[in-house]
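Notes to accompany the following structure.
In my numbering, the protein residues as written are -18 to 302.
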C-alpha cells in the first residue's frame, strides 16, 4: 500500500491514493484485527501475542506516516500517541519523519493471493447465509466451492472458522444444485416470430434448462427447434429464472460459486443455541462493566430443555464467557 500511495501522490492521483489507504485500513480493522482477537487476548505473553501487537503497531505507525500529507492533524495525533510516548528521541511530529519506503522483501504475493481468495469465498458464504436466512452463529455442516483455484488447508480452515462451518470442499461442477426455466421476451421475440410466439413459449418450457444455460454461457444464445427449423435465441431475448435445489443456497460472483448446505441437524441447532447463549452472556458482561479477564458467576433459569443444553455444554460456555 505504501508503494501504491507513493506512486499515486507522485502523479497527482489524490483520490486513488486516498482510496488505497481507505481499503487498507478497512481490511486491517475488519479482517486482521478481528481475526487476531484470540492472539491479542491470550493470557500468556507468548511470542505469537507479541508478534500480533507488533504487526498492528508497525502498520498503524506506517499508515500514519503515509496518510500524513492528506490528513495532517489526526495522523500527527496518532503518531505522537504511538511513537513519541514511547521513544523520547523520535521526531516530535509525523511531519518531521521521512515518507515510508517500500521493502520488497516483506511482500508475500502468494499470501496475498490466498487471502484474496479467502475473502472472496467468505463474502459469498455470508451472502449465501443471508439468502437462506441463517445467522452466522448457527453452525452449518458444509459448503462447496467452485472457482479458479482451491485453498491450502491453512486458508481453508480460516474460511471454516469465519463462516462457522464444519467442512469445506472444492468441486468442479455446481450444475446439479440449480435449475433454469426460460420464457420469451415478448418485446423482441413477439415482433420476430409473430403468431409463432406460442410455439416458442411451449418449446422454451420443454428445454433442458441446465444444458440450455451452458450453451448460453458458451455462445451467448441457445438453439431452439421449431416446426419451421432451428433458430438461435440470444440471452437478451429471454427471461431466465434460476431455481436452487431445496436444502442449498447458491451464490456466484467474481469467478467463484459457493453452495451452502442449509440442512440443520439437531446437533447443529443445539450448537447454535449455545453460541446464542454465549453471545447474550458476553453482552451482559459488557453492560455490567466487566473487563475481559474478570471471572464471573452465571446463574440460569429456564425449561428442562434449556437446562439439558446448558448441562451438556457447561465447559464450553464457561470457557467462552
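Idealized CB from N, CA, C, for every residue including glycine.
Provide the residue(s) that pair with residue 163 in DSSP beta bridges, ordered along the chain. Answer is 221.
Below 8 Å CB to CB, which residues in the same chain sit around residue 167 once its five sequence neighbours on both sides are set aside? Once the five neighbours on either side are set aside, the close Cβ partners of residue 167 are 178.
Endpoints, the alpha helix (DSSP H) within which residue 48 is located: Counting along the chain, the alpha helix (DSSP H) containing residue 48 begins and ends at 28 to 48.
For residue 148, which of helix, strand or coil comes out of DSSP? Strand.
Could you check if residue 10 is buried or exposed, using at least 16 other CB atoms within 10 Å of its CB as the buried criterion? Of the residues assessed, residue 10 falls on the exposed side of the cut-off, its CB having fewer than 16 other CB atoms within 10 angstroms.
Quick check on residue 3: does DSSP put it in helix, strand or coil? Look at residue 3 here: in three-state DSSP terms it is helix.
From the DSSP secondary-structure annotation, give me the bridge partner or partners of residue 242. Beta-bridge annotation (DSSP): residue 242 is paired with 229.
Going by the CB atoms, is the gap between residue 204 and residue 211 shorter than 9 Å? Taking 9 Å as the cut-off, the beta carbon of residue 211 is found closer than this to the beta carbon of residue 204.
Among 136, 85, 80 and 91, which residue has its Cα nearest to the Cα of residue 103? Selected option, being the one with the closest Cα: 136.
Straight-line gap, residue 3 to residue 233 (C-alpha atoms, nearest Å): When rounded, the distance between both Cα atoms is 26 Å.
Rounded to whole angstroms, what's the CA-CA distance from residue 125 to residue 237? Just pull it up for me. Near 11 Å, if we compare the C-alpha coordinates of residue 237 and residue 125.
With distances taken between CB atoms, is the gap from residue 181 to residue 207 smaller than 9 Å? Going by C-beta atoms, residue 181 is nearer than 9 Å to residue 207.
Can you give the Cα-Cα distance for residue 132 and residue 110, rounded to whole angstroms? Cα to Cα, residue 132 sits roughly 21 Å from residue 110.
Taking Cβ to Cβ, would you say residue 140 is nearer than 9 Å to residue 106? Between residue 140 and residue 106, the C-beta gap is smaller than 9 Å, which places the two residues in contact.
From residue 82 to residue 296, what does the alpha carbon distance come to, in whole angstroms? Each residue's alpha carbon lies about 49 Å from the other.
Quick check: what's the CA-CA separation for residue 14 versus residue 37? Cα-Cα distance, rounded: 8 Å.
Taking the Cβ atom as the reference point for each residue, do residue 191 and residue 202 lie within a distance shorter than 9 Å? Taking 9 Å as the Cβ cut-off, residue 191 and residue 202 do not qualify as a contacting pair.
How far does the alpha helix (DSSP H) with residue 126 in it extend, from its first residue to its last? Boundaries for residue 126: no alpha helix (DSSP H) harbours it, while the beta strand (DSSP E) harbouring it runs 121 to 127, taken from the DSSP string.
At a cut of 8 Å, does the segment 81 to 100 reach the segment 57 to 72 through at least three beta carbon pairs? Contact fails: fewer than three Cβ-Cβ distances are below 8 Å.
Start and end residues, beta strand (DSSP E) containing residue 214: Looking at the DSSP string, the run of the beta strand (DSSP E) that includes residue 214 is 210 to 215.
Could you check where the beta strand (DSSP E) with residue 92 kicks off and where it finishes? No beta strand (DSSP E) contains residue 92, which is instead part of the alpha helix (DSSP H) from 90 to 113.
Touch test, the segment 36 to 53 against the segment -11 to 7, Cβ-Cβ under 8 Å, three pairs minimum: These segments touch.
Can the beta-carbon of residue 259 be found closer than 9 Å to that of residue 301? Using a Cβ distance threshold of 9 Å, residue 259 and residue 301 count as a contacting pair.
Identify, in the order they occur along the chain, each residue of the same chain with its Cβ nearer than 7 Å to the Cβ of residue 40, setting aside the five sequence neighbours on each side. So the qualifying residues of the chain are 9.
Taking residue 152 and residue 127 to be in contact with their CB atoms under 8 Å, please state how far apart those CB atoms are, rounded to whole angstroms. The pair is a contact, with the Cβ atoms about 5 Å apart (cut-off 8 Å).
Taking the alpha-carbon positions, what's the residue 209 to residue 174 distance? Their backbone Cα atoms lie some 11 Å apart in a straight line.
Cα-Cα separation, residue 64 to residue 88: Approximately 24 Å, taken between the alpha carbons.
Alpha carbon of residue 138 to alpha carbon of residue -17, nearest angstrom: Across the structure, residue 138 and residue -17 are spaced so that their CA atoms are roughly 30 Å apart.
Taking residue 158 and residue 239 to be in contact with their CB atoms under 8 Å, please state how far apart those CB atoms are, rounded to whole angstroms. Here residue 158 is actually not in contact with residue 239; their C-beta atoms are around 10 Å apart, not less than 8 Å.
Exposure label - residue 24; buried when at least 16 CB within 10 Å: By the 10 Å Cβ count, residue 24 comes out exposed.
Cβ separation of residue 298 and residue 255, assumed to be a contact under 8 Å, to the nearest whole Å: With a Cβ gap of about 6 Å, residue 298 and residue 255 count as contacting.
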